Structure formats: C-alpha cells, structure tokens
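**Student:** What follows is a structure written as structure tokens; I'll ask about it next.
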Amino acid sequence: MKSGNLDVGKRVVVVAVKASREISRSAFIWALTHVVQPGDSVKLLVLIPNHTSSIRLWGLRRFNSDCTTSNWRSLSGTTLDQKDFISESCTQMLLQLHDIYDPNKMKVKVKVISGSQSGVVAAEARRVQTRWVVLDK
Numbered sequence: 001m002k003s004g005n006l007d008v009g010k011r012v013v014v015v016a017v018k019a020s021r022e023i024s025r026s027a028f029i030w031a032l033t034h035v036v037q038p039g040d041s042v043k044l045l046v047l048i049p050n051h052t053s054s055i056r057l058w059g060l061r062r063f064n065s066d067c068t069t070s071n072w073r074s075l076s077g078t079t080l081d082q083k084d085f086i087s088e089s090c091t092q093m094l095l096q097l098h099d100i101y102d103p104n105k106m107k108v109k110v111k112v113i114s115g116s117q118s119g120v121v122a123a124e125a126r127r128v129q130t131r132w133v134v135l136d137k
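This is the structure we're talking about:
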C-alpha cells in the first residue's frame, strides 16, 4: 500500500534510547501508538554510554510505567555481558507491551551499541534507510 512516496506497512522506525540512570519506554510506546503501522519494523536502539570497568545498569526484574523504578546495581564484566543483559531486559519489556502492539503484525529488533559516539543514531538510521527516528528525551 502506498501513501504518497512512502511505502506504508514496509517502513523501519528507529527508536533511540540511552541506557543511563534511567531508561524510559515512553519513546518506544509513542512510536508504537503514533508512527508504526502494521507491517512496519521497529529498531529499538539502546545506547550505552562510555564506561570504565563497570556500568550502572537497571536491574530489571520487572518493568513498571517507565522502567525506572527497578533496582540499581553495578554490572561488571565485558561489554558483551552488558549488552546481553540489556538485550534480555528489553525483550522482557517487549513481552509486557503485548497490549500495545501485536508482534505478529510488526517486527521489533533490539540493537545495543556501546560508546555513544556522535552521529551513531544518524548512521544507523541511514543504514536501515528509515524516514522516522524517535529520540527519547
């Protein structure tokens, strides 16, 4: 289906959030309720700030309204361990949002990037050829 020059139902929407003191899911929910259409793909881009030996991450046992009331802890280990932890936490969040979107009608991918370099969101948007980038506050 076409709408002007856009291929509706075949778009990629990038939602970028920063993994810092708190990670809000409101940008993701906003994209789902205002931009994303059935058949679209959503790429949740989670940016991990530069770190030294450990990073303060969310100990996500459960997601509440904006993923911020979870237990904080210091997560040591490799960047790969940290990325795995965040990816698993985001997957749990997606499962809890089943009332907002139908996973059978849209594809959601999570990509975790460490060392938030300038322009990383724009580079990812260019790579996936999106026309929509939703940034968390």
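In this note's numbering, the protein residues as written are 1 to 137. Here a beta-carbon is modelled for each residue, glycine too, at the ideal position from N, C-alpha and C. Values in this document were obtained by computation on a predicted structure and should not be read as measured data.
Kindly identify the DSSP beta-bridge partner or partners of Val42.
**Tutor:** BP columns for Val42 point to Val13, Val108.
**Student:** Mind checking whether Ile29 and Ile100 have CB atoms under 8 Å apart?
**Tutor:** Yes, the Cβ-Cβ distance between Ile29 and Ile100 is below 8 Å.
**Student:** Check each candidate in Met106, Met93, Asp102, Val112 and name the one with the smallest Cα separation from Asp84.
**Tutor:** Checking every option, the nearest Cα to that of Asp84 belongs to Val112.
**Student:** By the DSSP assignment, the beta strand (DSSP E) with Val133 in it spans what residues?
**Tutor:** Looking at the DSSP string, the run of the beta strand (DSSP E) that includes Val133 is 132 to 135.
**Student:** Which partner residues of Leu47 appear in the DSSP bridge assignment?
**Tutor:** The partner list for Leu47 (beta bridge, DSSP) reads Lys18, Ile113.
**Student:** Does the beta-carbon distance from Val134 to Val13 come in below 8 Å?
**Tutor:** Going by C-beta atoms, Val134 is nearer than 8 Å to Val13.
**Student:** Compute the Euclidean distance between the alpha carbons of Lys10 and Ala122, then round it to the nearest angstrom.
**Tutor:** Distance between the alpha carbons of Lys10 and Ala122 is about 20 Å.
**Student:** What does the alpha-carbon distance come out to for the pair Ile48 and Arg127?
**Tutor:** In a straight line, the C-alpha of Ile48 is about 19 Å away from that of Arg127.
**Student:** Which term fits Leu95, buried or exposed, when burial requires 16 or more other beta carbons within 10 angstroms of its beta carbon?
**Tutor:** Burial call: exposed.
**Student:** Look at the alpha carbon of Lys105 and the alpha carbon of Pro38, and state the distance between them as a whole number of angstroms.
**Tutor:** Answer to the nearest angstrom: the Cα atoms are 5 Å apart.
**Student:** For His98 and Val35, what's the separation of their Cα atoms in angstroms?
**Tutor:** In a straight line, the C-alpha of His98 is about 17 Å away from that of Val35.
**Student:** Under the rule that 16 or more other beta-carbon atoms within 10 Å means buried, what is Asp102, buried or exposed?
**Tutor:** Result: exposed.
**Student:** Indicate the three-state DSSP secondary structure (helix, strand or coil) for Asp99 in the structure shown.
**Tutor:** Three-state DSSP puts Asp99 in coil, outside helix and strand.
**Student:** Out of Glu124, Asp136, Ala27, Asn50, which one is the CA nearest neighbour of Ser114?
**Tutor:** Ser114 has its Cα closest to that of Asn50, out of Glu124, Asp136, Ala27, Asn50.
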